[in-house]
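Below is one structure, written out as structure tokens; the observations come after it.
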Amino acid sequence: MALKIVKGSIDRMFDKNLQDLVRGIRNHKEDEAKYISTCIDEIKQELKQDNIAVKANAVCKLTYLQMLGYDVSWAAFNIVEVMSSSKFTYKRIGYLAASQCFHESTDVIMLTTNQIRKDLSSPNQYDTGVALTGLSCFVTPDLARDLANDIMTLMSHTKPYIRKKAVLIMYKVFLKYPESLRPAFPRLKEKLEDPDPGVQSAAVNVICELARRNPKNYLSLAPLFFKLMTSSTNNWVLIKIIKLFGALTPLEPRLGKKLIEPLTNLIHSTSAMSLLYECVNTVIAVLISLSSGMPNHSASIQLCVQKLRILIEDSDQNLKYLGLLAMSKILKTHPKSVQSHKDLILQCLDDKDESIRLRALDLLYGMVSKKNLMEIVKKLMLHVDKAEGTTYRDELLTKIIDICSQSNYQYITNFEWYISILVELTRLEGTRHGHLIASQMLDVAIRVKAIRVFAVAQMATLLDNAHLMTGNVQRKGICEVLYAAAWICGEFSEHLENPMQTLEAMLRPKVATLPGHIQAVYVQNAAKLFATLLKNQEGNTDRTAAQETSQLMIDRLPLFVQSANLEVQERASCILQLVKYIQKLQQKDVEVAEEVIALFAGELNPVAPKAQKKVPVPEGLDLDAWINEPPSESESEDEQPKAIFAKEEPKHSRARHTEVDEKELAKRREARKQEQANNPFYIKASPSSQKVYQEAPGVEHIPVVQIDLSVPLKVPGLPMSDQYVKLEEERRQKERVEKKKKEKKKRKEKRGGRGKKHDSGPESEEDITPAHMVDIVTEEMPENALPSDDDDKDPNDPHKALDIDLDNLVEMAGRRPLADSEKLPVRSHRAAEALKSPAEDGDAESPASQEPKKKSSKEKREKKKDKDGDRKKSKDDKKKKKKHKREEKGEDLFGGQADEPVVQSEEISEVAAPPASNAAEVSDLDFWLSNAPVPSNAQEAATLAAEAAPVPEKASGTAPDSEPDEPEETDKKSSKHKKKKQKREKEEKEKKKKKKHHHHHHHSDGGGEESVQNGTVEEEEPLPPMSNYCLLAENSYIKMEIDIQGNLQDGSQVVVSVIFENKCDNFLKTMEFNVLDSLNSKLQRPEGSGPHDGLSVPFQLPPGVSNEARFVFTMQSIVMPQKLKGTLTFIIKNEDSSTHEKLDFKLHFTCSSYLITTPCYSDAFAKLLESGDLKCSSVRLEGVNMPFHHLLARICFHHHFSVVERIDSCASMYSRSIQGHHVCLLVKTSGQTVSIDAKCDEPTLLGNVLDEIKQTFSQC
Amino acid sequence: MIKAILIFNNHGKPRLSKFYEHYSEDTEQQIIRETFHLVSKRDENVCNFLEGGMLIGGSDYRLIYRHYATLYFVFCVDSSESELGILDLIQVFVETLDKCFENVCELDLIFHVDKVHNILAEMVMGGMVLETNMNEIITQVDSQNKMEKSEAGIAGAPARAVSAVKNMNLPEMPRNINIGDISIKVPNLPSFK
């Protein structure tokens, strides 16, 4: 046998292996492709062999060829064959090949499902590992669906190596099969506290990835992460968590407040730069979310900026880069603190590293002020000259324009300077950004009326020197500028010094070499110029000049009529005919100028870029509907109407409203402004421009004329912006001197002023008055435009599907537990074997290990995991299971007890273990966040929360299948709970043993015995679903449902959870919840608010959405039920209006809501009854027609009792009030009569509770 | 998430490519070329981050790379990864390779790309960082190799002998492209646990 194998492999050993292939390729440098194609032929032969070793070798070579860019998908089936080899060596080769070249559309992938499943459950951990690694690269929705359950089981594998891989791959599974997220989440969460750091890190990794896309669903995990952050020492984990917090803080400002302190500590203490950097980043995120400047936060900002400065000053370029990157984030909210480091940032502009220069450029954006803009831009212009690479130069160019044009040219004091900067930029060679410069020129010329004279002069010079731009092929990009120049000269031709010269420049034959859309603008604006010229010349006595102009047009235009460009041709021939007609009229001595001018009359207003998008669609207009019958397929192929005029229509040409006269326009504008001012939802234009708009005294009073004269307008060639810098400085100087004079005068008048500081201080921002009284025209928006910027998300984003509410899973077990349909698919034969479906199992198990560790819990967990693995294996191999059991016994500290049934029962009790800390922690995120004193130690907080353990929440399950177990579970939970408190330990142990025993019976006998402790038997018919939430109030807009729970933590507090459901089609916002306090009960309001202030609900509701808010009430006495009147006010916001609405309600605090489900043991119960402190009372219910266990479940559910003992049709129940009153019930039933005997140390309370129980049963 | 891990030499020849998202073979080659183009024209002593190319990623992605002797190690990652963390990870990766191959050089990567893949698989899985502890990685890699050896047994012996013979007459196998400066530590960055 062995010989045969040896012989087989000797036959094949002269096959090329991977090394030979590589060597061969290296030896055939000249004819590599040919060599490889022969190799591929060989591989094809090898793949036909039966020997798996040969196949594996071939596949291995294919993987290499794949890297070189050869398509190897044809061998997909062979790869699957190699994957399914039993030998690890080949399996690994197969999976590697699959991970490199399989993808969703590989069809053989569906053949792999069973193989992968087999490998996942392989006893060899590396088989499993290799399968997981491979699967992570090529998982498809089908694979994810079919294998999700298997992988989830692996998450509890004994080996940490498998656990961490299984945890990590779950993220991929979620992406492909989002339905698996809810069932798997509890276990994933449990892994956050795995003893193995690798597994923990994997879990953090996965949750961080999930939370990054949909942070709001993970807010409830914040306390847990907070704990991890303060306890973990693994930098990877810390970085991930800190990054996660950065994503969470924008959603919950209170979280930010809590984070600041520990993060600051970390910043101070850590030596790892990576961690420091992420901390700073998150602190910045926190500060942004807390934008309301709290006084002590300036210290945090200072700290961040200071640390970043250290990074930037570091010699390590990486740190420098990151420092600048983080700095730019601070810049957005706290520009002042960054500005003080201007020197450093300017220094970085000179760095040799381009990436760093680019980051520094980003920062410059926020550094500028009116004072230093010119200086900074001058510096940048120097860089532009020096820069070699075009990309960097283009970047500089865009940055200069960005910096100057930001917030409506806020920092520009001298527009002449800006225009000359733009003109200087046109000298750049090979820039792509000609259109950007052009649009800036247009924008400034249109919006800054005062600058038009200057701009027109400059543009005329540009047109004159157009040959400089068009001559060089490299400069194609820049000729876009001519577009702007021509347009400006045409549109504002009345300001031209020498229109005739410009007209000639525009009609030069060379123009025909320009791109079509620019020629079109030339032609059109030549006509405008012509109109202006006519007007000027007709005023003169000599008519010949006008006729000469017409002749010039007639001579030159035919050139454009022949243009290949349709747009140019059309305009040119139109205008040519017009001019010919004018010439005829001129020859008859008719004055035509007025009429020609009228062609181009009317004022232009800039339109906001988004204006078109914001026009609301009128009602009843369906944009998708066909206006005419849709054309047939063949027709649409033939004609391509878009291609002809596409792009030709210049985007800067603006629609003219010639038909609306000026007055009408002004009136409308005024009306709109009025309306906008009154509408609180209208986002107003930036205040600076608004102010300017109102205060502008009118164009006539602009004090600009004198300065204009000092500027040499006709510099041959191109103007220098530096001159303006000097001029500007002089101007400012002059102004300052004048101001001083004035001040002196004032002082003299006042006689006693000691205003020394006034003149010695540096010039402040406000002191610089702009050279021009700038009339920056605001952009026009359509009437009733929508203010919001709805940037649509990518509909293909796979993460969208993962936006799943996970809180319900744990926070409110009653609200939306896993439905049957949500469970992960399991192979059917397995379901028959398993007692519960593993999904459910996982759901219930997860909280167990969240319980704070103590004593043996760790061992137990170990054991549990063993069992998990075990259960799985049992399906495959019974022998192995036995062997494994023996191993397990070795580990088992409990010794010999570990025979199978007991183990099983224990496992179940484990399963039912309470979510103790977990539930408390999560459900009370609000408490965690709002607790005024920040617990210095997170662990402390956790234990605090654990003690609170609002167990009743757990008892509110609505899923029909989980209901029968409810009371039973509650009971056991409590046992754990008490154990944790380390009370009555002895008793406890006995109890537990007993319980185990019972369970043993329970399972072996199927629950058929006479005395079933703790409530119900599984065979009994399931309960109808129940909900704790009852209707509070509703109207046509909103529905409120409430649930009231006592708070064990504080004897006088009751938590009211209100679900707000938006029933209308509009957005509900600014909800305010208010209650009229009574003497006995008060709504807890935040510090500083008055006793009648409402509490704002911390969210808004889109249509059809519901959300829950919690309010805390303080009660003095709880023996009587209470009713409080309250009001909810809210704003309904629809497209064009918003209305205030309110909804009145009555909050009813029943006495039952003061009770807290508290378990009690029969002997303690007996002692309590014997003590004699309790008062007695009883009640009889007639005509109750329901099974006894339903009745008990109802009492448990609605009135927060727990069953102590049940014998046949008789049960004892117990509960405790938030103030510590004991309430005991003995419930007996015979036929349709139920009698309840009750004892309590507070008779009034008891009476009320009994009344409420009666009420409950009279309703059904 | 890590989107891709690329190793290529100073001439742009791919030595390992691992994409955690599917691209066609042509696109993959284009990405490698583009990345090489971006990375190779950068000086030493400039920062190790650059904004991603057109083909891979988009605004959320960055290329983080390190240059060792003849090889570039490039990671393409999105914003959920810490930049300095990834730099450390590259360092761990290279140090692990150094340990596994005993003084790693480009030829090791050329002839044993499958082994490099196996090592990488213990560090990064499906685009997410699996393990950063070098000892743990090496332990897992070693025990898998041991398993492979035991599986080969007698059947593997002749093949090994043959490949040893084949490797003997290798004029083109100078080990002079040794990565000498492989032990460069990131300043200020203690390795992650």
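Chains A and B, in that order, give the protein sequences.
Residue numbering for the first sequence follows numbering that gives the first Met the number 0, beginning at 0 and increasing consecutively.
Residue numbering for the second sequence follows numbering that gives the first Met the number 0, beginning at 0 and increasing consecutively.
Using N, Cα and C, we set each Cβ at its ideal position, and we do this for glycine too.
Asked: So which residues on chain A does PHE74/B lean against when the C-beta distance must stay under 8 Å?; Found: Simply none; closest approach about 14 Å.
Asked: May I ask you to report which of helix, strand or coil DSSP gives ALA246/A?; Found: helix
Asked: On the DSSP bridge list, what partners appear for GLN1052/A?; Found: THR1113/A
Asked: What did DSSP end up calling HIS798/A once you bin it into helix, strand or coil?; Found: helix
Asked: Please list the partners that ILE1131/A has in chain B, where partner means a Cβ-to-Cβ separation under 9 Å.; Found: Per Cβ cutoff of 9 Å: no residues; ILE1131/A is ~37 Å from chain B at best.
Asked: Could you compute how far the alpha carbon of ASP802/A sits from the alpha carbon of PRO1102/A?; Found: 17 Å
Asked: Between the region 508-520 of chain A and the region 533-552 of chain A, do at least 3 Cβ pairs fall closer than 8 Å?; Found: no
Asked: Residues bridged to THR501/A by DSSP?; Found: THR501/A pairs with nothing; no bridge assigned.
Asked: Give the single residue among SER438/A, VAL1053/A, SER1105/A whose Cα lies nearest to the Cα of PRO1266/A.; Found: There is simply no residue 1266/A to check, as chain A begins at 0 and stops at 1259 in what is shown.
Asked: For LEU153/A versus ALA165/A, is the C-beta distance shorter than 7 Å?; Found: yes
Asked: When DSSP labels each residue in this structure, what does VAL138/A get in the three-state scheme?; Found: coil
Asked: Counting Cβ pairs, one atom from each stretch, are 3 or more of them under 8 Å apart for the region 1220-1239 of chain A and the region 1163-1183 of chain A?; Found: yes
Asked: Going by DSSP, name the residue or residues bridged to ALA1108/A.; Found: VAL1057/A
Asked: So, for SER135/A: in the same chain, excluding its five sequence neighbours on each side, which residues have a beta-carbon less than 6 Å away from its beta-carbon?; Found: ILE168, LYS171
Asked: Looking at the strands, I want to know which residues DSSP matches up with LEU1067/A.; Found: LEU1100/A, ILE1131/A
Asked: Please identify, using Cβ separations under 8 Å, the residues of the region 204-220 of chain A that lie next to chain B, in order along the chain.; Found: ASN204, VAL205, CYS207, GLU208, ARG211
Asked: Using beta carbons (cut-off 7 Å, strictly below), is ILE266/B in contact with chain A?; Found: Residue 266/B lies beyond the residue range present for chain B, which begins at 0 and ends at 192; the question has no answer from this structure.
Asked: Can you give me the start and stop residues for the beta strand (DSSP E) that ALA3/B sits inside?; Found: 1-8
Asked: Please work out which residues of its chain come closer than 7 Å, Cβ to Cβ, to CYS207/A, disregarding the five sequence neighbours upstream and downstream, and give them in chain order.; Found: LYS239, LYS242, LEU243
Asked: Does DSSP classify ASP1264/A as helix, strand or coil?; Found: Absent from the model: residue 1264/A. The displayed extent of chain A is 0 to 1259, so no value can be given.
Asked: Who pairs with THR1138/A in a beta bridge, going by DSSP?; Found: ILE1131/A
Asked: Find the nearest neighbour of THR1261/A within the set GLN1099/A, SER368/A, LEU427/A, LYS370/A, judged by alpha-carbon distance.; Found: The displayed coordinates of chain A run from 0 to 1259. Any statement about residue 1261/A would go beyond what the structure contains.
Asked: Apply the 10 Å Cβ neighbour rule to LYS1122/A and answer buried if 16 or more other Cβ atoms are within range, or exposed otherwise.; Found: exposed
Asked: Are the Cβ atoms of PRO1120/A and THR1156/A separated by less than 7 Å?; Found: no
Asked: Could you compute how far the alpha carbon of GLY1125/A sits from the alpha carbon of SER1077/A?; Found: 11 Å
Asked: Mapping the DSSP letters down to three states, classify LEU467/A as helix, strand or coil.; Found: helix
Asked: ASN1073/A by DSSP, collapsed to three states: which one?; Found: strand
Asked: Which chain B residues are close to ILE168/A, counting only those with a beta carbon under 8 Å from its beta carbon?; Found: MET124, GLY125
Asked: Cutting at 6 Å between CB atoms, please list the residues of its own chain near ASP361/A, excluding the five before and the five after it.; Found: SER327
Asked: Which class does CYS46/B belong to by DSSP, given the choice of helix, strand or coil?; Found: coil
Asked: Taking beta-carbon pairs under 8 Å, can you tell me which members of the region 74-90 of chain B lie near chain A?; Found: SER79, SER81, GLU82, LEU83, GLY84, LEU86, ASP87
Asked: Could you have a look at HIS13/B and say whether DSSP puts it in helix, strand or coil?; Found: Reading off the sequence, residue 13/B comes out as Pro, not His. In this structure, PRO13/B counts as strand in the three-state DSSP scheme.
Asked: Less than 8 Å between C-beta atoms, sequence neighbours within five positions excluded: which residues of the same chain meet that for ILE51/A?; Found: GLU80, VAL81, SER84, LYS86, TYR89
Asked: Mind reading off the beta-carbon distance from VAL282/A to LEU254/A? Whole number of angstroms is fine, and I expect it under 8 Å.; Found: At roughly 13 Å, the Cβ-Cβ gap does not stay under 8 Å, so VAL282/A and LEU254/A are not in contact.
Asked: For LEU169/B, name the three-state secondary structure that DSSP assigns.; Found: Per-residue confidence for LEU169/B stands at a pLDDT of 49, beneath the threshold of 50, marking its modelled position as unreliable; the derived number appears in the next sentence. Of the three classes helix, strand and coil, the one that applies to LEU169/B here is coil, per DSSP.
Asked: Rounded to whole angstroms, what is the Cα-Cα separation between ALA55/A and SER268/A?; Found: 53 Å
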